[in-house]
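**Student:** Quick one: structure below, then a few questions.
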Amino acid sequence: MSLRAGIVQRALAYIAEEMGSVLKRSAVSPNIRERLDMSCAVLDGEGRILAQAEHIPVHLGSLSWAAKRLLRSVEGLVEDEGDVAAVNDPYITGTHLNDVTVITKYKDLWIVNKAHHVDVGGPVPGSLNPKARTLYEEGVVIEPQLVAKGWEPLSSAKELAKEVRDPKTFEADLKAQIAALRTGHARLRELEERYGSVEEYKDTFLSSSRKLYSEALKEGEGEAEVPLELPDGGFAKIRVRLKVDREVEADFSGTSPQVPFNLNAVEGVAYAAVAFFVKASTVPEGPVDDGLYSLIKVKTEEGSLLNPRYPAAVGAGNLETSQRALEAVVLAAPEGPSAGPGTMSNLILSWRRKVYYETNAGGGSAVVSSDGENAVQWGMTNTMNTPIEVLEQEMPVLFTEYSVRRGSGGGGLRKGGDGVVRELVALDDMEFTVIMSRFKTGSKGAAGGGEGLPGRVLLDGRELPGYSSGRLKKGSKLRLETPGSGGYGRASSGGRRYSGRRGSS
């Protein structure tokens, strides 16, 4: 690859990163400004990813799956400089309704960002209705529409904001997304003024990326099946057959049919799980572009948990089912690590018109060379920790414990990472929702390692199901104990032993 092509490739990546910095610093909601639950990218006119900032894995891989759908959906809408379209339909964008995608154009290139808005309407605060069967029971479905011209928000942006519980926050975060696109547009212009059209270089650096990842792949194949707890007490299963050669083929045939809950996940989620594993296990520091994504082939069955028929609800599928899809890929991979926590351990609090959302850390996977890390955002989330001081400022709560859940990781020659304990007291009446899918089965170990402990949710000392919602009365105590990961390898007499034990409650 020529020096100039390499410079342009890196410059595009930094443009995506700078867009993320602008979005972070401009947003109002803690979910974006603190947790960084957003992602940014640059596409070519064919829908190929030219650069992505390393933000949220479930956003990034799913955008490659969604890109052509997205460009078709905004055809004829975005024509002039400063035109911005918005859409959140998961069957177009690849994730769930909370992730509002905005897009604009620079010459033949497209600039995109996606951010998780804590509430997009619907009957349940946070728009992750556990009883939803369709998208329309989760929140407002934003079909592709213009929300800005000449970078100035249109009345349509205000109309969308009226549909949510906290219109001011929604509108402010949407403006922050538009500002990030404007920054990307300006930086692309500066780049081309100095180096010429990106079109001259893109095929060169995409080919280089593809070769980089292809040569790092280790040949092999395997299969795995993992369970997913359902709100009715039953289980679904995610099954994958993985084949790795110079490309990666992941066949999810045999996965359970779609379910009458919001745990379905559009096909982009399965694609994102495979893409994340490939990048993490080959060249973690490598570029994120179509050179990587072009190596990945994913097969799902229509009408299944990983490819539901429109308009099946998919809100928690992006959160929970995505983690299990990744877990299946991890366990199917030859010499792969142990399973991680398998859940994002989601918490939603609603007080008056304010809604707060976060994912909570769990145990990190153990590998042949090291123990799993404690208290990490594993897999498809990659968000930051929300400081308890921020949540205490946003909502009337007081934290009484935030600690590592010692002993929750699985035993083995290499121990699984431990989850966390997060306990708070409500200082006023409010509503809550918890979505923690790993509360019956533990995370599997690898190479004979032991299982991690499943998670627990307790309200005033009484254990609740992992899918729970209700009211917190003033003085109520809510406690989350997140799952640990599986261990790696059997502990032998010559090796270090470790036995998982029940986390304190």
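Just so you know, my numbering puts 645 at position 485 of the sequence shown, and the rest follows in order with no gaps.
Glycine included, C-beta positions come from ideal geometry on N, C-alpha and C.
Bear in mind the structure is a predicted one, so any value in this text is a computation, not a measurement.
Using the Cβ count rule (16 or more neighbours within 10 Å means buried), how would you classify glutamate 379?
**Tutor:** The residue in question, glutamate 379, is exposed, as its Cβ has fewer than 16 Cβ neighbours within 10 Å.
**Student:** Run through DSSP, which three-state label would isoleucine 192 get?
**Tutor:** helix
**Student:** What do you reckon, is the C-beta of threonine 642 under 8 Å from a heavy atom of the ligand NAD?
**Tutor:** The model depicted lacks the ligand NAD and carries no ligand whatsoever.
**Student:** Could you check what DSSP says for isoleucine 216 in three-state terms: helix, strand or coil?
**Tutor:** coil
**Student:** Quick test of your reading: glycine 610 and glycine 579, contact by CB under 8 Å. State the CB separation rounded to the nearest angstrom.
**Tutor:** Wrong, their Cβ atoms sit about 15 Å apart, outside the cutoff.
**Student:** Please state whether DSSP places threonine 261 in a helix, a strand or coil.
**Tutor:** strand
**Student:** Starting from alanine 439, follow the alpha helix (DSSP H) in both directions and report where the run begins and ends.
**Tutor:** According to the sequence as given, residue 439 is lysine; it is not alanine. From DSSP, the alpha helix (DSSP H) with lysine 439 extends over 427-441.
**Student:** Alpha carbon to alpha carbon, what distance is there between glycine 608 and serine 510?
**Tutor:** 43 Å
**Student:** If you scan the stretch 524-579 from start to end, which runs of the beta strand (DSSP E) of 3 or more residues do you find wholly inside it?
**Tutor:** Correct list: 557-565.
**Student:** State buried or exposed for threonine 460, treating a residue as buried only when at least 16 other CB atoms are found within 10 Å of its CB.
**Tutor:** buried
**Student:** On the criterion of 16 or more Cβ atoms from any shown chain inside 10 Å, does proline 614 qualify as buried, or is it exposed?
**Tutor:** buried
**Student:** With a threshold of 7 Å on Cβ separation, who are the neighbours of serine 454 within its own chain once the five nearest residues in sequence on each side are excluded?
**Tutor:** Arg370
**Student:** Could you check what DSSP says for aspartate 333 in three-state terms: helix, strand or coil?
**Tutor:** helix
**Student:** Go ahead and pull the three-state DSSP assignment for glutamate 518.
**Tutor:** Strand, per DSSP.
**Student:** In or out: glutamate 623 buried (at least 16 other Cβ within 10 Å) or exposed?
**Tutor:** exposed
**Student:** Nearest by alpha-carbon distance to threonine 442: which of Val419, Lys637, Val408, Thr253 is it?
**Tutor:** Relative to the Cα of threonine 442, the nearest Cα in the group Val419, Lys637, Val408, Thr253 belongs to Val408.
**Student:** Using only the alpha-carbon positions, how far apart do valine 438 and glycine 221 sit?
**Tutor:** 11 Å
**Student:** Thinking just about the alpha-carbon of each residue, which of Ala606, Lys604, Met596 is nearest to the one in leucine 618?
**Tutor:** Met596
**Student:** Indicate whether proline 501 and glycine 523 have their beta-carbon atoms separated by less than 9 Å.
**Tutor:** yes
**Student:** Pop quiz: valine 515 and aspartate 279 are said to be a contact at Cβ under 8 Å. What is the actual Cβ separation, rounded to whole angstroms?
**Tutor:** 4 Å
**Student:** Does phenylalanine 140 come out as helix, strand or coil in the three-state DSSP assignment?
**Tutor:** Residue 140 is absent from the model: the chain starts at 161 and stops at 665.
**Student:** From leucine 237 to alanine 245, what distance separates their C-alpha atoms?
**Tutor:** 7 Å
**Student:** Apply the 10 Å Cβ neighbour rule to leucine 479 and answer buried if 16 or more other Cβ atoms are within range, or exposed otherwise.
**Tutor:** buried
**Student:** Using the C-alpha atoms, what's the distance from leucine 172 back to lysine 362?
**Tutor:** 10 Å
**Student:** Whose CA, out of Ala226, Leu203, Pro643, lies closest to the CA of valine 426?
**Tutor:** The shortest Cα separation from valine 426 among Ala226, Leu203, Pro643 belongs to Ala226.
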